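Per my numbering, the sequence shown starts with residue 9, numbered consecutively.
Ideal Cβ placement from N, Cα and C applies to all residues, glycine included.
Given the structure is predicted, the values throughout are model-derived calculations rather than measurements.
Report on the structure given below.
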Amino acid sequence: MPQAPNDLPLADKDPEVARLVRAEDVRQRDTIRLIASENYASRAVLEATGSSLTNKYAEGYPRKRYYEGMEVIDPLEELAIERAKRLFGAEHANVQPYSGSPANLATLLALCDPGDTILGLSLPAGGHLTHGWKVSATGIYYNAVQYGVRKDDHRIDMDQVRDLARTHRPKLIWCGHSAYPRILDFAAFAEIAQEVGAYLAADIAHIAGLVAGGVHPDPVPHCDVVTSTTHKTLRGPRGGLILCRAEHARAIDRAVFPGLQGGPHNHVTAAKAVAFGEALAPAFRDYARNVVANARALGEALVERGYDLVTGGTDNHLLLVDLTKTGISGRTAAKALDACAIEANGNAIPFDPRKPFDPSGLRVGLAALTSRGLATEHMTEVANLMDEVIRHAAAREGGVEDDFRDRIRGRVREFLSPFPAPGLPG
């Protein structure tokens, strides 16, 4: 019986797309991936994401849908919710947000009115766009006040947080970051929020896996709402998550749907359930510990080679490398590294004199390499490779010579070959 046109495998149906997908598989396999927001999802997560669940529409919430045929979708979403609540010890979980930014906006829709004052970490100090930065909807529709870090040690200035909270009386305070390498003191933030009568929301998109793995303090006991992505250190699909106290459950759910989104992506909900299940396993705690150990080991190796680290080190999965004295910008260094099969991203550092699109810093994360099984003893070679490329590019106004590039890429492939990339075909 002939195969229906829509049942052809990708390679036959669309060879051009298939070729690009395979090329990305190879690129991820043969690259030292140090972008702090990236990881390797497991084969099980990828299978769920690519399932028939994408065919089903499911506006609403379990047992309260606008469509029929929910005998599979409802228990699936309930499973994801239950696992998320168990993983983080939360009273309520909404697993429908499409990603972290919608989760943050939904939090503001639930707890604030347009024009209300919110307080968050500034982007140049390591915060996120959605914590009230001026070009984000959160900075356009809300009166955003920003706190920063101390000049002497680049750690969050809790005295400034308290002073700004007392002065501006925000409706909501954000604690969270996209480029801050130290532990967040959720209890201290909660004390300030309680003093001024503000809601406290923690954005743990970068550190959710570390919280779940027990190597970073837990925000749930201290916060009204906790938002996160489900990828990054949590190793799930590209998606979002909101945890909250029971008293805010109705407001949060209404803000997500119908306030901000339509139907959830059921295939992603399934993959979230898989990822939460993986994170509940004892082995995930070992993974989280290894991520932090690797980040510290790489940081120490870079310092030994003359590099400066913002705050002097790390307590989590990421490093922020200050390249000021190397004579090369973070963006230029990132492009040179990328040419040599080493992924990182240029990033602003606190009080950065350079422009945002050409910053002084390089952000480096260890979640992905740790997922491949690399350990602290391998960080010396990672530092060696990074150092060679940065020095080479700095001596050539950012350029990378072809023979040097090819030699480094070969070393990278050889270095990574004993460590299979999870989820990718061989």
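**Item:** phenylalanine 292 versus glutamate 405: straight-line alpha-carbon distance, rounded
**Value:** Taking the straight line from one Cα to the other gives about 43 Å.
**Request:** Using beta-carbon positions only, say whether alanine 66 and phenylalanine 284 come within less than 8 Å of one another.
**Result:** At a Cβ-Cβ threshold of 8 Å, alanine 66 and phenylalanine 284 do not count as neighbours.
**Asked** Helix, strand or coil: which one does DSSP assign to glycine 217?
**Response** In the three-state scheme derived from DSSP, where H, G and I count as helix and E and B as strand, glycine 217 is classed as helix.
**Message:** Can you list, in chain order, the residues of its chain with a C-beta nearer than 7 Å to that of phenylalanine 423? Leave out the 5 residues immediately preceding and following it.
**Reply:** Answer for phenylalanine 423: Glu389, listed in chain order.
**Item:** Three-state class that DSSP yields for tyrosine 74 in the structure shown
**Value:** In this structure, tyrosine 74 counts as coil in the three-state DSSP scheme.
**Message:** Along the chain, where does the beta strand (DSSP E) containing arginine 371 start, and where does it finish?
**Reply:** It spans 369-373 - the beta strand (DSSP E) in which arginine 371 sits, taken as one unbroken run.
**Asked** If you scan the stretch 66-154 from start to end, which runs of the beta strand (DSSP E) of 3 or more residues do you find wholly inside it?
**Response** Uninterrupted beta strand (DSSP E) stretches at least 3 residues long and entirely within the stretch 66-154 occur at 100-102 and 125-129, given in chain order.
**Message:** One question on the structure: do arginine 399 and cysteine 348 come within less than 8 Å of each other, judged by their Cβ atoms?
**Reply:** In this structure, arginine 399 keeps its C-beta atom at 8 Å or more from the C-beta atom of cysteine 348.
**Asked** Do you know offhand how far glutamine 154's Cα is from aspartate 330's?
**Response** Between the alpha carbons of glutamine 154 and aspartate 330 lies a distance of about 23 Å.
**Request:** Excluding the 5 residues preceding and the 5 following alanine 305 in the sequence, name in chain order all residues of the same chain whose CB lies nearer than 7 Å to its CB.
**Result:** Thr384 and Met387.
**Message:** Tell me which residue opens and which closes the alpha helix (DSSP H) that glycine 418 is part of.
**Reply:** Segment 410-424, the alpha helix (DSSP H) holding glycine 418.
**Prompt:** For the stretch 93-111 against the stretch 251-270, are there 3 or more C-beta pairs whose distance is under 8 Å?
**Reply:** In short, these stretches touch, since the Cβ pair count reaches three.
**Message:** As an exercise, report each continuous alpha helix (DSSP H) stretch of at least 4 residues that is fully enclosed by the stretch 244-317, in chain order.
**Reply:** Residue ranges of uninterrupted alpha helix (DSSP H) with 4 or more members, entirely inside the stretch 244-317 and ordered along the chain, are 257-264, 274-288 and 290-312.
**Message:** I need the straight-line Cα distance from leucine 249 to aspartate 20, nearest angstrom please.
**Reply:** When rounded, the distance between both Cα atoms is 36 Å.
**Inter-stretch contact (C-beta, 8 Å, three-pair minimum) for the stretch 267-274 and the stretch 185-200** = With the cut-off at 8 Å, the stretch 267-274 and the stretch 185-200 do not touch.
**Prompt:** Which whole-angstrom value is the C-beta distance of glycine 369 and alanine 356, which I expect to be below 8 Å?
**Reply:** Here glycine 369 really is in contact with alanine 356; their C-beta atoms are around 6 Å apart, less than 8 Å.
**Asked** Does the beta-carbon of phenylalanine 359 have 16 or more other beta-carbons within 10 angstroms, so that it is buried, or is it exposed?
**Response** Burial call: exposed.
**Request:** Starting from threonine 322, follow the beta strand (DSSP E) in both directions and report where the run begins and ends.
**Result:** Threonine 322 -> no beta strand (DSSP E), and no H or E assigned at all.
**Per DSSP, the bridge partner or partners of tyrosine 207** = DSSP lists Leu180 as partners of tyrosine 207.
**Request:** Helix, strand or coil for valine 397, going by three-state DSSP, please let me know.
**Result:** When DSSP states are grouped into helix, strand and coil, valine 397 belongs to the helix group.
**Alpha carbon of leucine 345 to alpha carbon of leucine 374, nearest angstrom** = Their backbone Cα atoms lie some 16 Å apart in a straight line.
**Prompt:** Near leucine 393, which residues of its chain fall below 8 Å by C-beta distance, leaving aside the five closest residues on each side in sequence?
**Reply:** If we look at leucine 393 and ignore the five residues flanking it on each side, its Cβ neighbours are Ile40, Cys348, Ile350, Ile416, Arg419, Val420 and Phe423.
**Item:** Coil, strand or helix - threonine 238 by DSSP
**Value:** Three-state DSSP puts threonine 238 in coil, outside helix and strand.
**Request:** Return the chain-ordered list of same chain residues with a C-beta closer than 6 Å to the C-beta of alanine 301, the five sequence neighbours on each side being excluded.
**Result:** Non-local C-beta neighbours of alanine 301 in its own chain, meaning closer than 6 Å and more than five positions away in sequence, comprise Thr384, ordered along the chain.
**Asked** How many angstroms separate the CA atom of lysine 142 from the CA atom of alanine 152?
**Response** One C-alpha to the other measures close to 8 Å.
**Asked** Which one of Pro110, Thr138, Tyr150 and Arg91 has the shortest CA to CA distance from cysteine 120?
**Response** Ranking Pro110, Thr138, Tyr150 and Arg91 by Cα distance to cysteine 120 puts Tyr150 first.
**Asked** What three-state label does DSSP hand asparagine 14 in the structure shown?
**Response** Reduced to three states, the DSSP call for asparagine 14 is helix.
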